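S.K.: I have a structure I would like to understand better, so I am pasting it below and will then ask my questions one at a time.
Protein chains in written order, with our numbering: chain A, 513 to 871; chain B, -19 to 106.
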């Protein structure tokens, strides 16, 4: 059965075209995906991301648990509120999920995991916990909703609607969080823009959604969320990586701690098999649209597009791609698009951020 | 759903208008553009090209997906709507004004055999 977030009725009231996304009935757009995309780059927009699951990890062994569970190193989280992006790997070094872990206080962390993988992740964590016999409680917080407000004017709009959060969140640097009463305000996001992700009791979500709308914040669907993250060069689980893909081949080496002696699930597999591929961007030089799974032909061998679409900011098609290690940034490669071979330029996988083209 | 009564249709969501000069004008229906979302690229056929009925004639790509546009009947392409190259969104704005291509049908009788508005509406509902 399709699951619904607490904002499902609100989406319909705001004219959303709804689609099934990983078993959730979610808004694809509210009229025009491209206008929504531009709204986030140039002003601000709000996303219902309540399908993602907040998980509280608490107890005397919480840090020890996360040190073994995650490929990134949670000892980097020294200041309460700090956030860390990490992959959670299986023993073969494949990506079970990617997530953000927030350090709330000693012995208290909050993780946000993907919607389509939530049940699998929770089972995975429970099984590791049982194996390791640690004193930790892992609690899925389905009583919470998450609203992301993103764009250059996002902070100002949030403070206008929730003035009580201003003092605590004004000084938040990127990738931090702070709890203010019922609101857990984090300076994280999936768009390449400034803004907040606000976790709050589900019972209060509709009121906040409406108040933000009244303040002029536009609702944004999953369609624009995808083109925004693609322009920002951010991976999408299930598309750019999954359980069969090493984080080293998916552009996530920067999130994997192979330096410290700490052991974690998947580490041995990664050490035994260094990167086979590099994860880069493509900028289409010809007319057309790049899509996931298209074959890329290079002088060093074939590659594959993992995510592709049209970039509303660049007005050109862009893609994320796994390429042979010998390919260099700046190279021209060919992409099989339907029955044609189109030319694309290899670029760093970051196309637009903070309202501006990066290419 | 906006399905003008004066046009003919195909199950694959093309609309067809029979012109007085014996040519036909072809586009995609409002329902089709709604399914696709914002269009960002349209690949049009070569003028002068001969197409079989149901042969791929054009490609419309949205942010979401690519879709083929088929020749509704056999014939020869006589014109393409060049304005769509730089402004594919015209199809989203008015799918029945933003035509894709014109053809001279090999047999005008084939056009009469296409779906009428009621039959197309019924086919969408299936």
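We put the CB at the ideal spot given by N, CA and C, even for glycine.
Just so it is clear, the structure is predicted and the values come from calculations on it, not from any experiment.
#1: Does chain A have any CB closer than 7 Å to the CB of residue 41(B)?
#2: What does residue 21(B) reach in chain A if we use C-beta pairs closer than 8 Å?
#3: Sort -6(B), 47(B) and 10(B) by Cα distance to residue 4(B) and report the nearest one.
#4: Within the continuous beta strand (DSSP E) that includes residue 813(A), where are the two ends?
#5: Can you check whether the C-beta of residue 7(B) is within less than 7 Å of a C-beta belonging to chain A?
#6: Kindly say whether residue 545(A), judged by its beta-carbon, lies nearer than 7 Å to any beta-carbon of chain B.
#7: Can you give me the C-alpha to C-alpha distance between residue 739(A) and residue 628(A), rounded to a whole angstrom?
#8: Between the Cα of residue 744(A) and the Cα atoms of 869(A), 525(A) and 555(A), which residue gives the shortest distance?
#9: Using a threshold of 7 Å, state whether the C-beta atoms of residue 808(A) and residue 845(A) are closer than that.
#10: With 7 Å as the C-beta to C-beta threshold (strictly closer), list the residues of the stretch 739 to 752 of chain A near chain E in chain order.
#11: Quick check: is the beta carbon of residue 17(B) nearer than 7 Å to any beta carbon in chain A?
#12: Secondary structure at residue 568(A), three-state DSSP: helix, strand or coil?
#13: Let me know the secondary structure DSSP gives residue 559(A) once reduced to three states.
#14: Report the start-end ranges of each alpha helix (DSSP H) in the stretch 568 to 599 of chain A that is 4 residues or longer and not cut off at the edges.
#15: Taking residue 747(A) as the reference, give the member of 861(A), 555(A), 519(A) and 624(A) with the closest Cα.
#16: State buried or exposed for residue 14(B), treating a residue as buried only when at least 16 other CB atoms are found within 10 Å of its CB.
#17: According to DSSP, is residue -2(B) part of a helix, a strand, or is it coil?
#18: For a contact defined as C-beta to C-beta under 9 Å, what are the partners of residue 619(A) on chain B?
#19: Nearest CA to the CA of residue 543(A): which residue from 553(A), 729(A), 685(A) and 527(A)?
#20: Please name the residue, chosen from 665(A), 698(A) and 669(A), that lies closest to residue 883(A) on a Cα-to-Cα basis.
#21: How many angstroms separate the CA atom of residue 779(A) from the CA atom of residue 707(A)?
#22: With respect to the beta strand (DSSP E) encompassing residue 810(A), which residues constitute its N-terminal and C-terminal limits?
#23: Could you have a look at residue 89(B) and say whether DSSP puts it in helix, strand or coil?
#24: Skipping 5 residues on each side, what residues in its chain have a beta carbon closer than 8 Å to that of residue 514(A)?
#25: Can you pull the chain B neighbours of residue 534(A), defined as C-beta to C-beta under 9 Å?
#26: Listing by chain order, which chain B residues have their CB less than 7 Å from the CB of residue 735(A)?
#27: Listing by chain order, which chain B residues have their CB less than 7 Å from the CB of residue 541(A)?
#28: Which residue spans inside the stretch 716 to 796 of chain A form an unbroken alpha helix (DSSP H) run of at least 4?
#29: Determine the extent of the beta strand (DSSP E) in which residue 659(A) is found, giving its start and end residues.
#30: DSSP state of residue 103(B), grouped into three classes?
#31: Once the 5 residues before and after residue 82(B) are set aside, which same chain residues still bring their CB inside 6 Å of it?
#32: Which whole runs of the alpha helix (DSSP H) in the stretch 588 to 653 of chain A are 4 residues long or more, in chain order?
#33: Could you name the residues that DSSP lists as bridge partners for residue 845(A)?
#34: Return the CA-CA distance between residue 464(A) and residue 636(A), expressed in angstroms with no decimal places.
#35: Roughly how many whole angstroms lie between the Cα atoms of residue 670(A) and residue 593(A)?
M.R.: According to the data block:
#1: yes
#2: 799, 800, 801, 822 and 829
#3: -6(B)
#4: 813 to 823
#5: no
#6: yes
#7: 19 Å
#8: 869(A)
#9: yes
#10: You won't find chain E in this structure, because its protein chains are A and B.
#11: yes
#12: strand
#13: strand
#14: 574 to 581
#15: 861(A)
#16: exposed
#17: strand
#18: Simply none; closest approach about 44 Å.
#19: 527(A)
#20: Shown here, chain A extends from 513 to 871; a query on residue 883(A) therefore has no answer.
#21: 34 Å
#22: 807 to 810
#23: helix
#24: 532, 535, 536 and 537
#25: Those do not exist, as residue 534(A) stays about 16 Å from chain B at its closest Cβ, beyond 9 Å.
#26: 17, 43 and 44
#27: 17
#28: 717 to 726, 734 to 743 and 779 to 784
#29: 656 to 662
#30: helix
#31: 3, 5, 58 and 59
#32: 630 to 644
#33: 856(A)
#34: Here chain A has residues from 513 to 871 only, and residue 464(A) is not among them.
#35: 19 Å
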